[in-house]
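Quick note: to get our numbering, add 9 to the position in the sequence shown (first position is 1).
In this text, a Cβ means the ideal position worked out from N, Cα and C, and glycines have one as well.
Since this is a predicted model, take the numbers as computed values, not measurements.
Data block below; observations after.
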Amino acid sequence: LILKRIKKRYGERMVVIHAKRRSGKGAGFLRGVMFSHGRYIILLDADYPTDAQTIMNIVKYLRRGYDVIIG
């Protein structure tokens, strides 16, 4: 229900991926990356919230040409 509402708001910009079985966080990240098609891919962990300013700093470095940022 929640995903349907979010999907309705974002349309084609959002893809919902359902796993057939539990395979762990790493496999979930990898599957998400495989379905991604944006200019930038930022992986965030729900266990460690990231504030908006940090995300903007990451994007700033990506726009400067960095390929990978880990933090």
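Cut-off 6 Å between Cβ atoms - residues of its own chain near Leu12, not counting five sequence neighbours on either side: Val25
Endpoints, alpha helix (DSSP H) assigned at Ala61: Ala61 to Arg72
Straight-line gap, Val68 to Phe38 (C-alpha atoms, nearest Å): 19 Å
Collapsed DSSP secondary structure at Arg31 in the structure displayed: The answer is coil: DSSP assigns Arg31 none of H, G, I, E or B.
Sub-8 Å separation of Ile78 and Leu71 beta-carbons: yes
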